[in-house]
Structure formats: structure tokens, C-alpha cells
Amino acid sequence: MHARSALFDLYGDHLTSGDNWTPIAGIVRLLGPVDVTPPAVRTAVSRMVRQGWLEPSERRGRRGYAASARALVRLAEARARIYRTGDPIWDGLWHVIIVEHPSDRAVRRRVGASLGYLGYSRLAPDTWVAARVGADLADSLAAEKLGFKQFFSRYVPGSALAAELWDLEELAATYRRFIGTTRELAAGLGPDLIPESAFAIRFLFVHDWRRFLFLDPDLPMEVLPPDWPGHEAAVLFNTTAASLLPLAREFVDSCSAQTTRQGADPT
89 MHARSALFDL
99 YGDHLTSGDN
109 WTPIAGIVRL
119 LGPVDVTPPA
129 VRTAVSRMVR
139 QGWLEPSERR
149 GRRGYAASAR
159 ALVRLAEARA
169 RIYRTGDPIW
179 DGLWHVIIVE
189 HPSDRAVRRR
199 VGASLGYLGY
209 SRLAPDTWVA
219 ARVGADLADS
229 LAAEKLGFKQ
239 FFSRYVPGSA
249 LAAELWDLEE
259 LAATYRRFIG
269 TTRELAAGLG
279 PDLIPESAFA
289 IRFLFVHDWR
299 RFLFLDPDLP
309 MEVLPPDWPG
319 HEAAVLFNTT
329 AASLLPLARE
339 FVDSCSAQTT
349 RQGADPT
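Following this line, the structure appears as C-alpha cells:
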């Protein structure tokens, strides 16, 4: 587990649903059960502050960190995709964008990763297509100082385009593997589960599911193969994650209370 990814998961799944703030001691305690070390936490927090994802602030005489406005937008969009329960209505139009060509290879790599996360696939050099407008598209490209042109087009049949641009067979196989491991996980949860263990299990479980944000372009039902396993996987994920949430929140609350009482950051 990378510390940066763990921080996004922690804020997105727990902290932003509260007061969106915790001291560094709280972050260290909360990420300990998932084996993220204190030095890794501190390094990742510093980097995310420089990148504009976290903002330092002081409350009750203590220095802590909150998700920035930019991060709150990204986390809300990610949360809607993580806990999806149905298929939104699709108008049959594909969103096509032509992105200004970046000369730097590292920029091209970051742009490709960002567009993939938003559900786009490369149609041609510097031309990308998605079933819907990416929620963070303009900001993501603006962060790289890139402009883009856009239009909407209807491809018929849409299922052929989807099968050409995305490896749906491999994605379906990945969903089926997730369904199998989740059923095994759910069967092994017993009544003696303690809050810290429930937090760690749920944290890693949500983190594993979060991979699908980068793998699944969120295509509409109309262009997916019959018996698409993504729907079953989403329902199973929501049910399992919800069953672990009460105990996980107990651990989060206990860490927050402990940090408030002790007042000092751990070394």
C-alpha cells in the first residue's frame, strides 16, 4: 500500500464525512493497522500539501491537515463511482476530445493516466473518447497547462466501439475474481471481530475495489456484453463494505479521541 493512495482512501472514506481534519498523530495511528509507517505518512502528507491535495491548518491549538477544495471535488467524484448502485441514463453520444500535444514524455504519461481514470480511451494520437464527460476533465488538463477541443458523436453500434477501445473480456474476468474473493472474505467475518481489525479489513477491501476506478471506464449498459459481472460485483462490494463500516468507524472515532486526549504527535 503506497502512503499517498492510503491517504486518499482515508480522507475519502472516513475523514471528509466528519470535520475533514485531523492532526498528523491521528493520521499515523489510523494508517498503522494497514502497515503504512510514520515516516512514510509524514513524507506523503508533505508531498500532498505541495501538490495542493491537503491543506495545513490549526484547530484548538494543534496543527493538522484537511483535504483541499480540489481534493474534495475529486474525492466526491471518486466516492460516487466507488459506491455506485445503478446505471445512469445515457443519451447515446460519446464525448470526443482532442488534447493539445504535450512535448514532454512525463506529461504525456500523466495525461494518459488522468484520462484513463476519467473513463477515456485513446481513439487516435491526442484524440480520446469516453461515454460521458469526465467530471474533473478541464481541471486535470489545466493542471498540465494543456488545452483541448471537444465534440459529441454517435457511433453505431456503440458496443463495437466499446469492444475495440477497451479490453472488456479481461475487465469481466477481473470482476469475477473480485466476486469470488469477496464471497470468501464475507464468509470469514465472525462476531468476534474487533474495531481495529474491521477497519483494516475494510480499508484494504475498499482499496482493492478502488482499482476499478482505473480499470473500468464506466460504460453504459447499452454497450456492455450480456450478463456483465460488474453489476453483481458492485452490489456485493456495497453490502460487504457496509457490514464492516460500524466497527471501522468505532476505530476511527477512538483514534480521534485518543489523539485529542494525548495532544502530542507520536515520534
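First residue of the sequence shown? That's 89 in my numbering, and the numbers climb one at a time after it. In this text, a Cβ means the ideal position worked out from N, Cα and C, and glycines have one as well.
Any idea if residue 313 is buried or exposed, counting beta-carbon neighbours within 10 angstroms, 16 or more meaning buried?
By the neighbour-count rule (16 or more Cβ atoms within 10 Å), residue 313 is not buried but exposed.
TODO: Kindly indicate the opening and closing residues of the beta strand (DSSP E) around residue 103.
DONE: From DSSP, residue 103 is part of no beta strand (DSSP E); its letter is neither H nor E.
Are at least three pairs of beta-carbons, each pair with one atom in the segment 150-159 and one in the segment 105-113, less than 8 Å apart?
yes
Is DSSP giving residue 355 helix, strand or coil here?
-> At residue 355 the pLDDT is 38, less than 50, meaning the model places this residue with poor confidence; the figure from the coordinates comes in the next sentence. Taken through DSSP and simplified to helix, strand or coil, residue 355 comes out as coil.
Just checking my contact of residue 262 with residue 203 at CB under 8 Å: how many whole Å lie between their CB atoms?
That belief does not hold up - the Cβ atoms of residue 262 and residue 203 are roughly 20 Å apart, past 8 Å.
| query | With burial defined as no fewer than 16 other Cβ atoms inside 10 Å of the residue's Cβ, what is the status of residue 240: buried or exposed? | reply | exposed
field: Residues near residue 184 by beta carbon distance below 6 Å, same chain, minus five either side
entry: 217, 239 and 241
- Could you have a look at residue 155 and say whether DSSP puts it in helix, strand or coil? strand
* Asked: Looking only at its own chain, which residues have a Cβ that is under 7 Å from the Cβ of residue 210, when we skip the five neighbours before and after it?
  -> 216
(Q) Please return the same chain residues whose Cβ sits closer than 8 Å to the Cβ of residue 244, not counting the five positions on each side in sequence. (A) none
task: Would you tell me roughly how many angstroms separate the C-alpha atoms of residue 168 and residue 267, rounded to the nearest one?
output: 20 Å
Q: Report the residue ranges of all beta strand (DSSP E) runs contained in full by the segment 128-153; include only those spanning at least 3 residues, in chain order.
A: 142-147
- request: Could you tell me whether the Cβ atoms of residue 129 and residue 103 are closer together than 9 Å?
  value: no
Counted within 10 angstroms of its Cβ, other Cβ atoms place residue 309 as buried (16 or more) or exposed:
exposed
What do you get for residue 328, buried or exposed, if any count of 16 or more other CB atoms within 10 angstroms of its CB means buried?
-> In summary, residue 328 is buried, with 16 or more beta-carbon neighbours lying within 10 Å of its beta-carbon over all protein chains present.
Subject >> Extent of the continuous alpha helix (DSSP H) to which residue 191 belongs >> reply: Careful: residue 191 lies outside any alpha helix (DSSP H) and carries neither H nor E.
For this session: Tell me, please, which residues DSSP counts as bridged to residue 182.
Result: DSSP lists 241 as the bridge partner or partners of residue 182.
Count Cβ pairs between the segment 186-193 and the segment 123-140 that sit closer than 8 Å; are there 3 or more? no
### Message
Could you compute how far the alpha carbon of residue 272 sits from the alpha carbon of residue 192?
### Response
45 Å
- Query: Which first and last residues belong to the alpha helix (DSSP H) in which residue 173 is found?
  - Reply: No alpha helix (DSSP H) holds residue 173; DSSP gives it neither H nor E.
| Residue ranges of each alpha helix (DSSP H) run of no fewer than 4 residues wholly in the segment 298-339, ordered along the chain? | 300-303
Problem - Sub-9 Å separation of residue 290 and residue 333 beta-carbons - result: yes
Distance check for residue 91 and residue 214, CA to CA, integer angstroms please. 32 Å
| message | Looking only at its chain, what residues have a beta carbon closer than 7 Å to the beta carbon of residue 156, apart from the 5 residues adjacent to it on each side? | response | 140, 141, 142 and 143
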